[in-house]
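What the sequence shown shows, in mature numbering (1 follows the signal peptide of the UniProt record, and there is no 0), is residues -21 to -1, 1 to 390, in sequence order. Data first, discussion second: the structure below is written as structure tokens.
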Amino acid sequence: MKFKKLLALVLLMSTLFISCKKDTGINNLDNEKKDNIESKEVEHELLDYPIRNMTEDDYVKKVVIDENLSYRGKINESEIAVTRRDDRKNIYSYNLETKEAKKVCKVIDDKNYLYEVSNHGEWVVWIEDEDKAVGNENLSQGFNWFVAAKNIKDGRVIIIDKAKYTKDEFELKADEIYNPIRISIANDIVVYRSTDKREDGAVITKIMSYNLSENKLKEVEGSEEVENELLNHPKTDGDKIIWTKLRTFVDYGRNFYKYSDLYLYDIKTEEKRVVTKDMFVNSGAIKDNTIVISIQKPGEELEDDLLIYDLDVDKLSKLIYKDNEIYKGYGYFATGEVQITDKYIFISIGGHSSRYIFDRKNKVYIDMVDEELAAYGYEFNNSNSIVFNKIFREEDKDGNGIKVDTYYELK
């Protein structure tokens, strides 16, 4: 039971980032050879770039939006996809010019609630399920989940995947979570992590992909039972898919697994390979032939590194690490999600205190914080746009910190 409770925490946390030296940890392999891996030595380059504050030259649009909204992605030049913090059943388009929100999607089953939402252009995708409360018997629910998509332009709704089991078919334990998590979309490709059961009753995880233009669902990878390994953090750029495989269970630390390897899958060629081996990858993101990777350092709770891997030249570089100025600006560096676009790298730091954006073309960090604030952070998706959340130290008439959310469309 102790193991099961720890495992539940891991699954839940999955729902809730110039000098040269030598290092190891990057591996390429064919799918058939993935269980027989030898490390190969690669060059590490420690990157050290300047920092500057954001200016008007960095963006083409700046709009203060309703603070009750959560940014989910850019629909077009005048609209963004959002959810409301006081509404867990509907998805809205928000007009940046009129500042009006229009309901565009709702849950498939009226009894369900939204758990994750993502957007890319005309497509909105989401995961919905029954309401679950952490810490009681409802944690095991997941018998009514849906993974769904809607094309906002033509109104098409697609049920990508749905719950396969009922309470009568399986005796499910109260400390296991079964609904999918980590949904990601780019172009017409949707990816997510699904949890399933084998015929012998063992709980396993899967990386699933769905092609919206071809209406095809595919299992990209499956795990052994979760006591041995766990798949997580799928991301796609529309051409490739990456994910992590956690393995070797340990009863200590913040992760409960000793290793987290990063895998890469080419959608066109169906080639599968390992990117990192015997390290601990918190999360990653891919754009074309560049992968950004958050690595947790062994034995360190709040000392992560942010790496860049160039697939073309098979080269690993450290972008953020303990001795550079960005790391010092945070005081600690425990990454959540990361994202890479054609122009920028976005980073979610523990506690949602993100402040830096990395400009890939100009090789400079942009600091969003230019004043004293009580709290700050930004929301991002897979476009070159963000919503920056600021909470000022001054209080409103109710004694709450004054909150301002601003949408930026970056150049």
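Just so it is clear, CB atoms sit at the ideal spot from N, CA and C, and this is done for glycine as well.
**OP:** Tell me where the beta strand (DSSP E) around Lys382 begins and ends.
**Re:** Taking the sequence shown and counting its residues from 1, one reaches residue 382 at position 403. 380 to 389 is the extent of the beta strand (DSSP E) around Lys382.
Subject >> Distance, Ile324 Cα to Tyr50 Cα >> reply: Here residue 50 refers to the residue found at position 71 when the sequence shown is read from its first residue. Here residue 324 refers to the residue found at position 345 when the sequence shown is read from its first residue. Annotation: Tyr50 to Ile324 spans about 17 Å, alpha carbon to alpha carbon.
Subject >> Option in Tyr335, Asp377, Asp338, Cys84 with minimal Cα separation from Ser72 >> reply: Numbered from its first residue, the sequence shown carries residue 72 at position 93. Closest by alpha carbon: Cys84.
**OP:** Thinking Ser362 and Val317 are a contact (beta carbons under 8 Å), I'd like their distance in whole angstroms, please.
**Re:** Numbered from its first residue, the sequence shown carries residue 362 at position 383. Numbered from its first residue, the sequence shown carries residue 317 at position 338. Contact annotation, Ser362 with Val317: C-beta distance approximately 15 Å; criterion of less than 8 Å not satisfied.
**OP:** Count the other CB atoms, across all protein chains shown, that sit within 10 Å of the CB of Lys376; report buried if there are 16 or more and exposed otherwise.
**Re:** Your numbering for residue 376 matches position 397 in the sequence shown. Lys376 is exposed by the Cβ-count criterion.
Subject >> Option in Lys342, Ile106, Phe259 with minimal Cα separation from Pro159 >> reply: One-based indexing of the sequence shown puts residue 159 at position 180. Minimum Cα distance to Pro159 is reached at Ile106.
**OP:** Confirm, please, whether the CB-CB distance from Lys256 to Asp240 is below 7 Å.
**Re:** Sequence index remark: in the sequence shown, residue 240 carries index 261 (1-based). Sequence index remark: in the sequence shown, residue 256 carries index 277 (1-based). Yes, the pair counts as a contact, with Cβ atoms nearer than the cut-off.
Original post:
Under three-state DSSP, which class holds Lys294?
Top reply: Residue 294 sits at position 315 when you count from the first residue of the sequence shown. Strand at Lys294.
Original post:
Looking only at its own chain, which residues have a Cβ that is under 6 Å from the Cβ of Lys369, when we skip the five neighbours before and after it?
Top reply: The sequence position of residue 369 within the sequence shown is 390, counting from 1. Once the five neighbours on either side are set aside, the close Cβ partners of Lys369 are Leu352, Tyr355, Val383.
Original post:
Considering only the beta carbon of each residue, do Asp110 and Tyr92 sit closer than 7 Å?
Top reply: For this step, residue 110 is matched to residue 131 along the sequence shown. For this step, residue 92 is matched to residue 113 along the sequence shown. Yes. Within cutoff.
Subject >> Under 7 Å between C-beta atoms of His99 and Ile164 >> reply: Translated into the one-based positions of the sequence shown, residue 99 becomes position 120. Translated into the one-based positions of the sequence shown, residue 164 becomes position 185. Result yes, Cβ atoms of His99 and Ile164 sit closer than 7 Å.
**OP:** Could you say which of Ile30, Ala60, Arg31, Asp27 lies nearest to Tyr386 if we only look at CA atoms?
**Re:** Taking the sequence shown and counting its residues from 1, one reaches residue 386 at position 407. The closest CA to that of Tyr386, considering only Ile30, Ala60, Arg31, Asp27, is found on Ala60.
**OP:** Rounded to whole angstroms, what's the CA-CA distance from Asn47 to Arg64? Just pull it up for me.
**Re:** As a first step, residue 47 must be located in the sequence shown, where it is residue number 68. As a first step, residue 64 must be located in the sequence shown, where it is residue number 85. Distance between the alpha carbons of Asn47 and Arg64 is about 6 Å.
**OP:** Note down, in chain order, each residue of its chain lying with its Cβ closer than 8 Å to the Cβ of Asp9, except the 5 sequence neighbours on either side.
**Re:** In the sequence shown, the residue the question calls residue 9 occupies position 30. No answer about Asp9 holds up, because its pLDDT of 40 lies below 50 and its placement is not dependable.
**OP:** Between the Cα of Ile30 and those of Lys342, Ile70, Arg226, Glu208, spot the shortest distance and give me the residue it belongs to.
**Re:** Numbered from its first residue, the sequence shown carries residue 30 at position 51. In terms of Cα proximity to Ile30, the closest of Lys342, Ile70, Arg226, Glu208 is Lys342.
**OP:** Classify Lys78 as buried or exposed, calling it buried when 16 or more other Cβ atoms lie within 10 Å of its own Cβ.
**Re:** The residue you call residue 78 lines up with position 99 of the sequence shown. Looking at its Cβ environment, which holds fewer than 16 other Cβ atoms inside 10 Å, Lys78 is exposed.
**OP:** Determine the direct distance from the alpha carbon of Asn69 to that of Lys82, and round the result to whole angstroms.
**Re:** Position 103 of the sequence shown, counted from the first residue, corresponds to residue 82. Position 90 of the sequence shown, counted from the first residue, corresponds to residue 69. Rounded to the nearest angstrom, the two C-alpha atoms are 7 Å apart.
Original post:
If you drop the 5 nearest sequence neighbours on each side, which residues of the same chain put their C-beta closer than 7 Å to that of Ile326?
Top reply: Start at 1 with the first residue of the sequence shown, and residue 326 comes out as number 347. Around Ile326: Phe(-5), Leu285, Thr314, Val317, Ser333, Tyr335.
Original post:
Taking DSSP as the reference, what is the three-state secondary structure of Tyr171?
Top reply: The sequence position of residue 171 within the sequence shown is 192, counting from 1. Strand at Tyr171.
**OP:** Under 7 Å Cβ to Cβ from Asp198, same chain only, skipping five residues before and after it: list those, please.
**Re:** As a first step, residue 198 is located in the sequence shown; it is residue number 219 there, counting from the start. First, the residue type needs correcting, since residue 198 is Glu and not Asp in the sequence shown. Scanning its chain for C-beta atoms nearer than 7 Å, with the 5 sequence neighbours on each side dropped, one finds around Glu198 the residues Lys185, Met187, in chain order.
**OP:** Identify the continuous beta strand (DSSP E) that holds Gly356 and give its terminal residues.
**Re:** As a position in the sequence shown, residue 356 is number 377, starting the count at 1. For Gly356, the enclosing beta strand (DSSP E) stretches over residues 354 to 359.
Subject >> Closest Cα partner of Gly180 within the set Lys301, Tyr144, Lys214 >> reply: Numbered from its first residue, the sequence shown carries residue 180 at position 201. Taking only the C-alpha atoms, the option nearest Gly180 is Tyr144.
**OP:** With a cut-off of 8 Å on the beta carbons, I'd call Asp37 and Leu290 a contact; round off their distance for me.
**Re:** Against the sequence shown, residue 37 aligns to sequence position 58. Against the sequence shown, residue 290 aligns to sequence position 311. Between the beta-carbon of Asp37 and that of Leu290 there is about 28 Å, and that puts the pair past the 8 Å contact cut.
**OP:** Can you grab the Cα-Cα spacing for the pair residue 437 / Leu26, in whole Å?
**Re:** Residue 437 cannot be examined here, being either before or after the span of the chain that is shown, -21 to 390.
**OP:** Would you tell me roughly how many angstroms separate the C-alpha atoms of Asp346 and Met33, rounded to the nearest one?
**Re:** For this step, residue 346 is matched to residue 367 along the sequence shown. For this step, residue 33 is matched to residue 54 along the sequence shown. If you take the alpha carbons of Asp346 and Met33, they lie about 6 Å apart.
Original post:
Around the C-beta of Asn194, are 16 or more other C-beta atoms found within 10 angstroms, so that it is buried, or is it exposed?
Top reply: Residue 194 sits at position 215 when you count from the first residue of the sequence shown. Label assigned to Asn194: exposed.
Subject >> Chain-order list of residues whose beta-carbon lies under 7 Å from that of Ile168 (same chain, five-residue window excluded) >> reply: As a first step, residue 168 must be located in the sequence shown, where it is residue number 189. Same-chain partners within the cutoff: Ser188, Asn190, Thr215, Gly217, Ile246.
Subject >> Option in Glu178, Ile328, Leu75 with minimal Cα separation from Tyr309 >> reply: Taking the sequence shown and counting its residues from 1, the one referred to as residue 309 is at position 330. That would be Ile328, whose Cα lies nearest to the Cα of Tyr309.
**OP:** Hey, could you find the ends of the beta strand (DSSP E) Asn261 is sitting in?
**Re:** Position 282 of the sequence shown, counted from the first residue, corresponds to residue 261. First-last of the beta strand (DSSP E) with Asn261: 260 to 266.
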